[in-house]
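Novice: Each residue of the sequence shown is one higher than the last, beginning at 3 in this note's numbering.
We put the beta carbon where it would ideally sit given N, CA and C, even for glycine.
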Amino acid sequence: KEVIEEVHTQKHLVYQADLEQAIKYTIFHEIPKYNNISGETLLALQRYINVLNKYNPLGNNGRMFLKKLNEYVKTHNHSVKGVDFETQAKLFASEFSPVFESKHYVGCVASKTGLRGFTCSLWKLFHFLTVQDSENDASNDPLEILQAMHGYVKYFFGCTDCSNHFQTMATKRKIWGSTTKDNSVLWLWESHNEVNDRLKGDETEDPEFPKVQFPTKESCPNCYKEPMYLPISNKINWDKTEVIQFLKNIYHPNNISQFGLN
Ligand code: FAD
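1. If you reduce the DSSP assignment to three classes, tell me which class E228 lands in.
2. Can you tell me where the alpha helix (DSSP H) with I246 in it begins and where it stops?
3. Where does K219 land, buried or exposed, given buried means 16+ other C-beta within 10 angstroms?
4. Got a sec? Which residues, its chain only, sit under 6 Å from R65 by beta carbon, not counting five neighbours each side?
5. Counting only the same chain and skipping the five closest in sequence on each side, list residues whose C-beta sits under 7 Å from that of I177.
6. When the Cα of C122 is compared with those of P100, H254, I25, Q48, which residue comes out closest?
7. Could you tell me which residues DSSP puts in a beta bridge with N38?
8. Between which two residues does the alpha helix (DSSP H) containing E4 stretch?
9. Could you check if W178 belongs to the surroundings of the ligand FAD, using beta carbon to heavy atom distance under 7 Å?
10. Would you list the residues sitting across from D208 in a DSSP beta bridge?
11. Between I29 and chain B, is there a C-beta pair that is closer than 8 Å?
12. Distance check for K213 and D143, CA to CA, integer angstroms please.
13. Compute every distance between the C-beta of K114 and the non-hydrogen atoms of the ligand FAD, then say whether any falls below 7 Å.
14. Hey, how far is the Cα of N1 from the Cα of T11?
15. Tell me Y17's beta-bridge partners as DSSP assigns them.
16. Mapping DSSP to helix, strand and coil, what is N142?
17. Check whether the stretch 161 to 178 touches the stretch 127 to 140, counting contact only when three or more Cβ pairs, one atom from each stretch, lie closer than 8 Å.
18. Can you give the beta carbon distance from P217 to H14, rounded, assuming they're within the 8 Å contact cut?
19. I'd like the ranges of any alpha helix (DSSP H) spanning at least 4 consecutive residues and lying wholly in the stretch 102 to 126.
20. On the criterion of 16 or more Cβ atoms from any shown chain inside 10 Å, does S186 qualify as buried, or is it exposed?
21. Could you tell me which residues DSSP puts in a beta bridge with I238?
22. What span of residues does the alpha helix (DSSP H) with N72 cover, start to end?
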């Protein structure tokens, strides 16, 4: 209850706890389910851990943990077993303990069991990564994060329906066409809004957190141009320059809330 109240008063805050939970769940639950990780699946794993290591939202211990895990997955050229990956991840986690400072979702809290949680946190993690990448000169590849996300969702995301929908949408919305890092931030934001639109009113919607086009006018009045809806298509008349600024602001490491950490 206390967490739900916090989230309702801080509508667009990003919480460290959710980013941590996403990383924890992918590494200790989803990836280990795979018996033998090889070929394209191994490449997808290496790309995912590599971008986590690069734009790590964890503290100092978490940085060491992901650095070691990144080195570990890179040493495997042919295959790695899911259970071996898990065992190694557990060893690194105890070597650098504590790696995670949260035990629960905060911004991704649900009013009923079975809703929100991990899928919400996975979106947040990938928005975080696209934004960090756009603010960093270390790599010139505008597709690095989207490629890591596409691979993760295709091979490891446990929600098969979500994975299939995402791959279809990625092709339809030309995921590989982003030519700048800002375009990649916007590609993910627009795609997420398309999913929100599709799932509005669906049984998976948490009544306490209805699906809306993000950000709302209340959160970011400048993101909306006049007239608010485009004629004919009736779509929102976004000011994408403002949307980018808004996303860069809420995902800025200094603005990520530490609420709910141990
Ligand atoms: P979520 O949609 O999970 O969003 C999490 C948070 O991100 C929101 O609370 C908000 O703060 C912020 N946000 C919302 N929109 C945006 C945006 N456009 N840009 C930036 N931030 C935003 N579920 C299905 O039932 N069917 C599917 O096909 C399906 N496909 C999915 C594909 C992917 C890749 C993922 C990660 C999830 C998918 N899901 C699907 C799950 C679904 O999208 C939601 O995660 C789930 O319903 C929980 O919704 P939520 O209310 O927590 O908000």
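Specialist: Based on what the coordinates show:
1. Within the sequence shown, numbered from 1, the residue matching residue 228 stands at position 226. Strand, per DSSP.
2. Counted from its first residue, the sequence shown places residue 246 at position 244. Counting along the chain, the alpha helix (DSSP H) containing I246 begins and ends at 242 to 252.
3. The count along the sequence shown starts at 1 and reaches residue 219 at position 217. Exposed is the call here.
4. For the purposes of this step, residue 65 is identified with residue 63 of the sequence shown, where counting begins at 1. Excluding residues within five positions, the ones whose Cβ falls inside 6 Å are N58.
5. Locating residue 177 in the sequence shown gives position 175, counting from the first residue. Excluding sequence neighbours, I177 sits near L148, H152, W189.
6. Position 120 of the sequence shown, counted from the start, is the residue given in the question as residue 122. For C122, the nearest C-alpha among the options comes from I25.
7. The residue you call residue 38 lines up with position 36 of the sequence shown. Answer is K83, bridged to N38.
8. Start at 1 with the first residue of the sequence shown, and residue 4 comes out as number 2. Bounds of the alpha helix (DSSP H) holding E4 are 4 to 11.
9. Taking the sequence shown and counting its residues from 1, one reaches residue 178 at position 176. No, since every heavy atom of the ligand FAD falls outside the 7 Å radius drawn around the Cβ of W178.
10. Here residue 208 is taken as the residue at index 206 of the sequence shown, counted from 1. Secondary-structure assignment with DSSP links D208 through a beta bridge to F211.
11. Of the protein chains in this structure there is only one, and it is not chain B.
12. Mapped onto the sequence shown, residue 143 falls at position 141. Mapped onto the sequence shown, residue 213 falls at position 211. If you take the alpha carbons of D143 and K213, they lie about 32 Å apart.
13. Stepping through the sequence shown from its first residue, residue 114 is reached at position 112. For the ligand FAD, no non-hydrogen atom lies closer than 7 Å to the CB of K114.
14. The chain is shown only over 3 to 264; residue 1 falls outside these bounds and no answer can be derived.
15. Position 15 of the sequence shown, counting from 1, holds the residue named residue 17. DSSP output for Y17 lists S259 as bridge partner(s).
16. Here residue 142 refers to the residue found at position 140 of the sequence shown. The answer is coil: DSSP assigns N142 none of H, G, I, E or B.
17. In this structure the stretch 161 to 178 does not touch the stretch 127 to 140; the number of beta carbon pairs closer than 8 Å is below three.
18. The residue you call residue 217 lines up with position 215 of the sequence shown. The residue you call residue 14 lines up with position 12 of the sequence shown. Between H14 and P217 the Cβ distance is about 6 Å, and since that is below 8 Å, they are a contact.
19. You should have found no qualifying run.
20. Counting from 1 along the sequence shown, the entry for residue 186 is found at position 184. Buried, since its Cβ has 16 or more Cβ neighbours within 10 Å.
21. Taking the first residue of the sequence shown as 1, we reach residue 238 at position 236. Beta-bridge pairing by DSSP links I238 to Y231.
22. Your numbering for residue 72 matches position 70 in the sequence shown. Residues 62 to 76.
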